[in-house]
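Residue numbers (this note's numbering), protein chains in the order written: chain G, 1 to 381; chain Y, 1001 to 1381. Even glycine gets a Cβ: it sits at the ideal position worked out from N, Cα and C.
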């Protein structure tokens, strides 16, 4: 019987380094590789928890920064914690808020103790340091808490990357010593920008501190594709095989499959839900804008042979009409379909790993070529 | 076995004139008194057809004006008609578009042939007359089509009310002779503003033409409460007992119960869904704004002892948070709850009629006193 925090590597694909794994959290098991839908403000946008359960979702992400600003962790704690508040019975990973503080808020002062900033919402002053973010996450009661890190932008000179790395490591050590919620796991985050030695050093020092899992941060921040892959390669070599690896904020399909082949286990990204709100449908053959005039009389479903509720019941012509008239149902149907597509994608990946044919799957699916150049993480969905 | 168009009066409440009825349409039976959720643009806002079925909804309304503007009846016809287009297997009533043309569009010219106007959407010129609105509704394939009428505003001088009445009657006669979709019923509309003799004459002449049902139009257009009731009384006396009576655009609970007591069978209104989007929850005890600070830590459901999905799973504090952060799920949960509340209300009314105690039900429920003064119909949800 596995206990909270256990991560079993069930199989390693013989054609790549991809792993099939199972992480045990206080709110159930998570089969990896896994894509985690993003629930920034305690809701995966436009979806009910029941609809996420119907998609066999095992884990969602919540954003500490946003939840701290509104409604505040005190209210969520009073309402019984984040799971109860949002009616979600399975696992939740919360980020530390660091990424949003650096990208979204107005920074006032950064020190070794933390970051003073004004919120994007109302300009109110806040302070978040390693102690504060762990305390917020403890009160939220997430299953996986992330340490506070300093996420460097791209490009980033070596000098700044070194300084951010030192701070990231000091904060990680402090985060590791903070009180946690019952059964809460804590993941460290590898930074180091595009510098291989910095990433390797960061990873090794984090392993020295000891975490329940390790994230690769500071990638997909605007750098070219090959540097995203390099960032993964530079980080992963120093991470232990028996702990889960999480590539933060990356969710384009071609990036995910490249990362999975290198041994990454977990992903999160806003794109299936955000692009749904912009009218983009994901399919096996790529993505397309449902609002286009070409679909005005198209009686086919969003994706042919798709089994989701949207595709079983509605035409492109209808979804296009809904999107063009600003109807919420259009966003709902596209969000549902896109998350269904993502689930199918991850299922196919796990199956290919189990059958030692991920390299083949990657070669023979045209997936994701259309995705290139798409910004795949943003600070505020 | 009843056939399409049959309306059975199953029981008349001995304490009022309220009727229990059953209307047979080409897409199933409708138990009356009934509240019809409004699906202006081929969707009841924020709801899926499945969620409406889960609420035992038997009939929804679609707006001919909006559907004519976007996506156009030709596209809907090509997609198999409105039922198939919007994935709704049960009955649909479409209005004629007259109300929207007069209230929402920019009018250019009114003649006996119809109305030339520019759409509220893009200013494009359109012409709708009795022939056109029946042709559009035929192509949409609704179960109940409404005749084109001239809905007078309030106040309205007798002279204008007379002229509008003549036009309404001439248009009704023309509409009655137009081709229909298979099994499509057509309802006439009583106008006459606040003048009892005009309403009586209009009703009698419509009955002379002969329709499958009769609507009371031109009420709840800004007049005081007592004139709404008078408008119903002035119209209903001349309508046959064996045909359904539909009070257009009225859906506040205290108006509906007054109208039911006078023998009205059908209602439609945007308020349960529109007010949901504004953050208003309907309860047995009245309505309240969920966004209010008072609910920020309130762990109770939207309405205590309510069995809807929203109330079974979420707190006011959560719904308030969702509404205050602009999350679609907040609108979804409130729409779902409000429509559930409306369904419960109509179920209670039907039960009270069956048990000859509607007068008592009306006296002992405090319902709707809070509703007074609320605008209950608008041209564009």
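Taking buried to mean at least 16 other C-beta atoms within 10 Å of its own C-beta, is residue i buried or exposed?
i                       : result
residue 1001 of chain Y : exposed
residue 50 of chain G   : exposed
residue 335 of chain G  : buried
residue 275 of chain G  : buried
residue 361 of chain G  : buried
residue 338 of chain G  : buried
residue 1089 of chain Y : exposed
residue 1249 of chain Y : buried
residue 1312 of chain Y : exposed
residue 177 of chain G  : exposed
residue 1037 of chain Y : buried
residue 104 of chain G  : buried
residue 1294 of chain Y : exposed
residue 298 of chain G  : buried
residue 1111 of chain Y : exposed
residue 1014 of chain Y : exposed
residue 179 of chain G  : exposed
Would you mind telling me which residues of chain Y sit closer than 7 Å to residue i, beta carbon to beta carbon, in chain order?
i                     : result
residue 86 of chain G : 1318
residue 43 of chain G : 1322, 1327 and 1329
Could you tell me whether the Cβ atoms of residue i and residue j are closer together than 8 Å?
i                       : j                       : result
residue 387 of chain G  : residue 1322 of chain Y : Any property of residue 387 of chain G remains undetermined from this structure, which presents chain G solely from 1 to 381.
residue 1141 of chain Y : residue 1081 of chain Y : yes
residue 1172 of chain Y : residue 1209 of chain Y : yes
residue 107 of chain G  : residue 162 of chain G  : no
residue 1027 of chain Y : residue 1143 of chain Y : yes
residue 139 of chain G  : residue 76 of chain G   : yes
residue 1070 of chain Y : residue 324 of chain G  : yes
residue 117 of chain G  : residue 133 of chain G  : no
residue 1281 of chain Y : residue 1303 of chain Y : yes
residue 1193 of chain Y : residue 1152 of chain Y : yes
residue 61 of chain G   : residue 196 of chain G  : no
residue 149 of chain G  : residue 222 of chain G  : no
residue 328 of chain G  : residue 1331 of chain Y : yes
residue 1131 of chain Y : residue 1096 of chain Y : no
Skipping 5 residues on each side, what residues in its chain have a beta carbon closer than 8 Å to that of residue i?
i                       : result
residue 245 of chain G  : 213, 214, 215, 216, 236, 239, 263, 264, 265 and 266
residue 373 of chain G  : Here the model assigns residue 373 of chain G a pLDDT of 39, short of 50, so the residue's position is not dependable and the matter cannot be decided.
residue 1121 of chain Y : 1069 and 1070
Starting from the C-beta of residue i, find all residues in its chain whose C-beta is less than 7 Å away, skip the five residues before and the five after it, and write them out in chain order.
i                       : result
residue 354 of chain G  : 11 and 20
residue 17 of chain G   : 261, 262 and 263
residue 296 of chain G  : 317 and 320
residue 1085 of chain Y : 1042, 1076 and 1079
residue 1113 of chain Y : 1129
residue 1006 of chain Y : 1024
residue 308 of chain G  : 336, 337 and 340
residue 55 of chain G   : 339, 340 and 343
residue 1160 of chain Y : 1152
What residues of chain Y sit near residue i, judged by a beta carbon separation below 9 Å?
i                      : result
residue 313 of chain G : 1048, 1049, 1050 and 1087
Which chain G residues sit within Cβ distance under 8 Å of residue i?
i                       : result
residue 1297 of chain Y : 75, 78 and 79
Give every residue of the same chain whose Cβ lies closer than 6 Å to the Cβ of residue i, excluding the five residues on either side of it in the sequence, and list them in chain order.
i                       : result
residue 169 of chain G  : 205
residue 45 of chain G   : 273
residue 1066 of chain Y : 1040 and 1041
residue 1259 of chain Y : 1232 and 1247
residue 31 of chain G   : 22
residue 203 of chain G  : 190, 235, 238 and 239
residue 342 of chain G  : 35 and 272
residue 284 of chain G  : none
residue 1183 of chain Y : 1004 and 1026
residue 1352 of chain Y : 1358 and 1361
Check whether the Cβ of residue i lies closer than 7 Å to any heavy atom of the ligand SAM, and answer yes or no.
i                       : result
residue 1087 of chain Y : The ligand content of the structure shown is nil, which means the ligand SAM is not present either.
Taking 8 Å as the threshold (beta carbon to beta carbon), is residue i in contact with chain A?
i                       : result
residue 1344 of chain Y : The displayed structure is made up of protein chains G and Y, and chain A is not among them.
message = Give me the subset of the region 68-83 of chain G whose CB atoms are less than 7 Å from a CB atom of chain Y, sorted by chain position.
response = Against chain Y - using a Cβ distance shorter than 7 Å - the residues of the region 68-83 of chain G are 70, 71, 75, 78 and 79.
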